[in-house]
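FYI, in full-length UniProt numbering the residues of the sequence shown are 1 to 278.
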Amino acid sequence: MFAIMHLPLLGMGTWGMGGKFDTDESNFDASVEALRFGFEQGIRLVDVAELHGGGLTERIVGEAIKGYTREDIQIISKVSRDHLKYDEVLRAAEGSLKRLDTSYIDLYMIHKLLPSVALPDALTLKALERLSAEGMVRHIGVSNFNVVQLQEAQKHLASTTIEANEIEYNLLFQEAGNEVAPFCKANGIHLIAHRPLAKGMLVRGENKLLDELARTYEKTPAQISLNFIISQGMTAIPKASDKKHLQENVGALGWKLEEGDIALLRKLDGSVPYQRIQ
Ligand SMILES: NC(=O)c1ccc[n+]([C@@H]2O[C@H](COP(=O)([O-])OP(=O)(O)OC[C@H]3O[C@@H](n4cnc5c(N)ncnc54)[C@H](OP(=O)(O)O)[C@@H]3O)[C@@H](O)[C@H]2O)c1
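Printed below as a string of structure tokens:
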């Protein structure tokens with residue numbers, strides 16, 4: 001059993017680095033460089049999954065962390081929804097460790113459940129528990145889980161607990177704020193917000209309120225968007241390949257939006273048609 005998980009409030013997403021659903025070698029070097037630049041800016045958390053780039057993204061992360069003290073970097077990775085049988089989970093984790101070229105994953109998650117599956121399987125959780133007991137993963141989490149799925153997952157664990165839930169949460173899509181976030185908060189489950197910039201939609205300068213608040217706080221719309229998440233104690237994992245973006249995102253740390261402004265920003269939920277990808 002490892003010490004209580006302590007996740008930073010800002011991490012780096014990796015979707016598209018090394019490809020999306022398919023492998024794309026063309027941005028390998030640039031992606032490694034971007035992640036290393038992020039480390040130099042003080043970001044010490046990387047979010048990846050076996051699904052990303054058909055495994056290439058984990059290789060990129062593995063390459064990026066070379067030369068850094070392993071304990072200084074935290075890696076989140078995930079087992080895909082079509083690998084959730086007991087042996088498949090163990091094999092998936094082994095594959096991820098190999099591609100990441102490391103001996104452990106800090107936080108290992110069930111990426112999501114198939115739409116046809118309502119609840120997580122007991123054996124999936126048992127496999128995660130075994131990985132934890134064997135030290136291959138330090139902490140166990142889930143992603144895209146609702147309250148019922150979280151409760152069910154927790155039931156199947158004896159020696160570990162679900163420590164994090166990575167969910168879609170941004171100014172344009174705040175559904176998780178209704179039930180999932182209060183449940184997680186009450187149960188000590190850390191929330192990680194994926195797509196925190198609504199895939200870039202929030203930074204196109206098309207939002208009046210965001211622009212106004214950016215002026216008031218002398219920050220940028222991206223920083224306001226990320227601080228909305230961070231101020232609520234959640235971790236945001238924006239993906240940025242552009243070094244200017246990485247630098248800008250670090251500026252979302254170290255200050256807090258006022259409660260009244262957070263309340264105003266809550267009203268942006270659903271204000272713009274926003275295409276979620278299932
Ligand atoms: N668990 C899950 O099911 C799940 C699902 C989706 C995503 N995720 C994770 O969450 C991460 C983030 O989500 P995402 O990549 O879909 O979307 P996102 O982080 O909301 O948006 C990424 C886009 O925003 C741009 N960007 C970043 N910082 C910016 C800034 N300061 N100013 C202007 N543009 C900026 C990026 O551009 P550049 O790249 O050009 O800098 C990129 O086009 C993913 O990469 C992935 O790791 C997890």
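Built from N, CA and C at the ideal position, the CB exists for glycine as well.
Continuous beta strand (DSSP E) stretch holding residue i: start and end
i	result
N165	162 to 168
Q174	Neither: Q174 is in no beta strand (DSSP E) and is coded neither H nor E.
G141	137 to 143
L45	45 to 47
Contact check, residue i vs residue j, beta carbons under 9 Å
i	j	result
L7	I192	yes
L119	V79	no
L265	L257	yes
S77	L100	yes
residue 360	A176	The requested residue 360 does not occur in the structure, where the chain is confined to residues 1 to 278.
L90	A127	yes
V137	L113	no
M5	I237	no
V250	Q74	no
G233	L84	no
Beta-carbon contacts of residue i that lie in its chain and below 6 Å, excluding the five residues immediately before and after
i	result
F173	Y274
F145	N165
L51	S80
Neighbourhood of residue i by C-beta distance below 7 Å, restricted to the same chain and skipping five residues each side
i	result
V32	I60, E63, A64
G135	Y104
T220	A214, E248
D72	R44
S96	E50, E58, S77, I105
A181	L191
F228	L171, L257, I262, L265
Helix, strand or coil at residue i according to DSSP, with G and I counted as helix
i	result
L191	strand
T235	strand
K78	strand
I110	strand
L84	coil
L209	helix
G251	coil
G16	strand
I73	coil
I105	strand
L10	strand
F183	helix
S271	coil
E117	Strictly speaking, residue 117 in this sequence is Val, with Glu absent from that position. Of the three classes helix, strand and coil, the one that applies to V117 here is coil, per DSSP.
T23	coil
M241	Here residue 241 is Ser; the residue named in the question, Met, does not match the sequence. It is coil, neither helix nor strand.
A92	helix
G54	helix
G67	coil
K256	coil
A198	helix
A158	coil
R99	helix
Residue i - containing alpha helix (DSSP H), residue span
i	result
V148	147 to 155
L128	122 to 133
I229	221 to 230
R36	28 to 40
L265	259 to 266
Residues that DSSP places opposite residue i in a beta bridge
i	result
I60	None; I60 has no bridge partner.
8 Å Cβ shell around residue i - same chain, five flanking residues per side excluded
i	result
L202	N170, L171, L172, L210, P221, A222, S225
S241	G16, M17, N27, A30, S31, A34
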